[in-house]
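All remarks here apply to the structure that follows.
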Amino acid sequence: MEKAYWNKAEETLERSALRKLQLKRLRQTIDWALRTPFYKARLRKSGISSSRDIKHLDDLKAIPFTTKDDLRECYPYGLLSVGLKDVVRVHTSSGTTGTPTVIYHTKEDIFRWTDLVARCIVATGAGKKDIFQNMMSYGMFTGGLGLHYGAERVGMTVIPIGSGNTRRQIQLMHDFKTTIAHITPSYMLHLYSKLAEAGFAVSDLSLKKAYLGAEPYSENTRKKIEELFGVDAYNSYGLSEMNGPGVSFECVYKRGMHVWEDAYIIEVIDPRTLEETPAEQEGEIVFTTLTRSATPLLRYRTRDLAFIYEGGCKCGRTHRKISRITGRTDDMLIINGVNVYPSQVEEVIMRIPQVGTNYQIYLEKEGSLDKLVVKVEIYSKMFKGDLRELDALQERMREDLCASIIINPEIELHEPGSLPVFEGKAKRVVDTRQKL
Ligand code: ADP
Ligand code: ZN
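In terms of our numbering, the numbers along the sequence shown are unbroken and rise by one, the last being 419.
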């Protein structure tokens, strides 16, 4: 039997002790932050010139939020709080939405981050006997190296293949009897569609678990992946500004992702009013780092939307859980005046059994109106089937989507393998409206 906890004392710390520890670490973080040009100026404005000015955890709320733009303005050294000689690693965000943000780590920072990732892995019931195939890209992106270090710390056998080269991925999964895949959900679905071509069936593999993250996906996509591969899929959430993976992960009960609250203070705010949302209500996640000395971040607005589950967890961990990320505030599409998140579309189409492993949301102008086209790959058996059946399927999708998003979309059915494939984060939305 594998260990139930990576570090039981830390993971099951009583809430009052956890809050005490947070306060101690917040003070330490304020001292680190005051060494950076950016926070020195900003904290002074809020009347904070030393950690002694922080008496309670609530004092954090007097500090302004830090945004992605702040980080960009600080590029490259404005948020560095130690001498460069003490920095052992630099990471950046993927830069999906502009200039990448840069985060520095000392040796101790990497050690602590690795420990958090190790906790996540053990929380899924995995351990030394597992063969871990890391299909997230290595490099500046934190997904690859982050899990790699954690997996080694736990003692798993790591296959550091990175992303891409689907045939080789499948071959190695088979040859090394991989038990855990770390991968984006979109690439996992793609992998499934390539199995037969590579000469394998799911039954030839030894896969037991999949760690899915780096991009938003729906509960129905998780279910689909679990059914197709016969695995247990776990949601993994993180962002480079908070180190990367290891911020938040599901335990075996899979009802929300535990956030390691001895390393991060979490807040949920209404992105319009910036006020804290009532308990269990969705809003933008805001994090404060507590254990990263080289780049402390105070009240960082992630733009990711989720809510906190109140109450404990059957696993005994006391660190609270967040829901699945439903989208990013900057992902929201406004279609003829109606707000739509791509995840709403995914949730609907992925529960339809004939739907294959890829889809795309396409927006264009038709006169003065917006037109939403949802392009969906369906299984080839279906595609070669009766025309009436295809019409019925198209109509069902249109109705289901219309009921959920209040927009009447056009549905295009596509053959398997015809829509663009992404080996890292998928780009599901193609919006051509601005160009007109
Ligand atoms: P970028 O912001 O450039 O994509 P990162 O590589 O740091 O930079 O990616 C972090 C972002 O990826 C998160 O802020 C979130 O939007 C998304 N993300 C990561 N994991 C998940 C997940 N499990 N579910 C939904 N979104 C996720
Ligand atoms: Zn739990």
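Don't be surprised by glycine CBs; every beta carbon is placed ideally from N, CA and C.
Spatial neighbours of residue i in its chain, beta-carbon cut-off 8 Å, leaving aside the 5 residues before and after
{"i": "Val105", "result": "Glu(-15), Lys(-14), Ala(-13), Tyr(-12), Trp(-11) and Val137"}
{"i": "Asn430", "result": "Examination of residue 430 is not possible in this model, given that the chain is present from -16 through 419 alone."}
{"i": "Ile335", "result": "Leu376, Arg379, Met380 and Asp383"}
{"i": "Asn218", "result": "Leu195, Gly196, Arg205, Phe232, Glu233, Lys237, Met240 and Arg307"}
{"i": "Glu(-3)", "result": "Thr301"}
{"i": "Ser33", "result": "Ile13, Asp14 and Leu17"}
{"i": "Ile114", "result": "Met139, Thr140, Ile142, Phe159, Lys160, Thr161, Thr162, Ile163 and Ser189"}
{"i": "Gly295", "result": "Thr301"}
{"i": "Ile37", "result": "Leu6, Leu9, Arg10, Ile13, Ile31 and Leu43"}
{"i": "Glu198", "result": "Thr167, Pro168, Ser169, Lys408 and Ala409"}
Closest residue to residue i among the options (Cα-Cα distance)
{"i": "His74", "options": "Val214, Pro228, Lys7 and Tyr217", "result": "Pro228"}
{"i": "Leu174", "options": "Lys191, Ile163, Gln152 and Phe159", "result": "Gln152"}
{"i": "Glu224", "options": "Trp96, Arg238 and Leu9", "result": "Trp96"}
{"i": "Val433", "options": "Ser363, Leu9 and Ser326", "result": "Residue numbering for the chain in the displayed model covers -16 to 419; residue 433 lies beyond these limits and cannot be assessed."}
{"i": "Lys237", "options": "Ala197, Arg282, Thr107 and Gly221", "result": "Thr107"}
{"i": "Ala422", "options": "Lys367, Gln343 and Ser401", "result": "With the chain covering only -16 through 419, there is no way to say anything about residue 422."}
{"i": "Asp69", "options": "Leu257, Glu91 and Glu347", "result": "Glu91"}
{"i": "Glu202", "options": "Glu329, Asp374 and Ile31", "result": "Glu329"}
{"i": "Thr340", "options": "Glu395, Ala181 and Gly400", "result": "Gly400"}
{"i": "Val85", "options": "Leu280, Met315, Gly299 and Leu402", "result": "Leu280"}
{"i": "Lys191", "options": "Thr12, Ala109 and Val65", "result": "Ala109"}
{"i": "Thr89", "options": "Thr82, Val71, Arg102 and Cys103", "result": "Val71"}
{"i": "Asp52", "options": "Asp42, Arg35 and Ser76", "result": "Ser76"}
{"i": "Tyr220", "options": "Ile268, Gln11, Ser189 and Asp253", "result": "Ile268"}
{"i": "Glu360", "options": "Tyr58, Phe183, Glu398 and Asp36", "result": "Glu398"}
{"i": "Cys57", "options": "Asp36, Pro83, Leu67 and Ile37", "result": "Pro83"}
{"i": "Leu1", "options": "Gly122, Val235, Lys358 and Ile249", "result": "Ile249"}
{"i": "Arg311", "options": "Gly66, Tyr200, Lys367 and Gly368", "result": "Tyr200"}
{"i": "Tyr283", "options": "Cys298, Gly368, Val251 and Gln154", "result": "Val251"}
Length of the line joining the Cα atoms of residue i and residue j
{"i": "Tyr22", "j": "Phe94", "result": "25 Å"}
{"i": "Lys177", "j": "Ile163", "result": "18 Å"}
{"i": "Leu54", "j": "Arg411", "result": "26 Å"}
{"i": "Asp414", "j": "Pro325", "result": "12 Å"}
{"i": "Lys3", "j": "Asp287", "result": "27 Å"}
{"i": "Met333", "j": "Lys112", "result": "33 Å"}
{"i": "Thr49", "j": "Val356", "result": "36 Å"}
{"i": "Glu395", "j": "Leu373", "result": "10 Å"}
{"i": "Ala184", "j": "Thr149", "result": "14 Å"}
{"i": "Ala24", "j": "Pro47", "result": "12 Å"}
{"i": "Thr125", "j": "Leu222", "result": "8 Å"}
{"i": "Ala179", "j": "Leu211", "result": "13 Å"}
{"i": "Phe270", "j": "Lys297", "result": "25 Å"}
Close beta carbons around residue i, own chain, < 6 Å, minus the five adjacent residues each side
{"i": "Ala216", "result": "Ala193, Leu195, Arg205, Ile208 and Glu209"}
{"i": "Asp187", "result": "His157"}
{"i": "Ile388", "result": "Val323 and Gln327"}
{"i": "Leu62", "result": "Thr19, Phe21 and Thr278"}
{"i": "Glu406", "result": "Ser146, Gly147 and Tyr170"}
{"i": "Val404", "result": "His173"}
{"i": "Thr272", "result": "Pro279 and Leu280"}
{"i": "Met365", "result": "Gln337"}
{"i": "Asp253", "result": "Thr260 and Gly266"}
{"i": "Gly299", "result": "Thr(-5)"}
Per-residue burial, residue i [other beta carbons within 10 Å of its own, 16 or more giving buried]
{"i": "Tyr247", "result": "buried"}
{"i": "Ile317", "result": "exposed"}
{"i": "Ser(-1)", "result": "exposed"}
{"i": "Ala45", "result": "exposed"}
{"i": "Glu258", "result": "exposed"}
{"i": "Asn391", "result": "exposed"}
{"i": "Leu419", "result": "Any reading at Leu419 is ruled out, since the residue's pLDDT is 44, under 50, leaving its predicted position unreliable."}
{"i": "His39", "result": "exposed"}
{"i": "Glu(-6)", "result": "buried"}
{"i": "Ala(-8)", "result": "exposed"}
{"i": "Arg371", "result": "exposed"}
{"i": "Leu43", "result": "buried"}
{"i": "Asn226", "result": "buried"}
{"i": "Cys103", "result": "buried"}
{"i": "Val214", "result": "buried"}
{"i": "Pro168", "result": "buried"}
{"i": "Asp314", "result": "buried"}
{"i": "Tyr60", "result": "exposed"}
Same chain, Cβ closer than 7 Å to residue i, five either side skipped, listed in chain order
{"i": "Leu99", "result": "Gly229, Trp243 and Ala246"}
{"i": "Arg416", "result": "Leu346, Glu347, Lys348 and Asp353"}
{"i": "Thr274", "result": "Arg8, Arg95 and Ala246"}
{"i": "Asn319", "result": "Leu352, Asp353 and Ile390"}
{"i": "Ala101", "result": "Trp(-11), Gly133, Arg136 and Val137"}
{"i": "Val331", "result": "Asp383, Leu384 and Ser387"}
(request) Mind the definition here: the stretch 286 to 296 touches the stretch 304 to 314 only if three or more C-beta pairs lie below 8 Å; say whether that holds. (result) Short answer: they touch.
(request) Take every Cβ of the stretch 1 to 9, pair it with every Cβ of the stretch 257 to 269, and state whether three or more of those distances are shorter than 8 Å. (result) With the cut-off at 8 Å, the stretch 1 to 9 and the stretch 257 to 269 do not touch.
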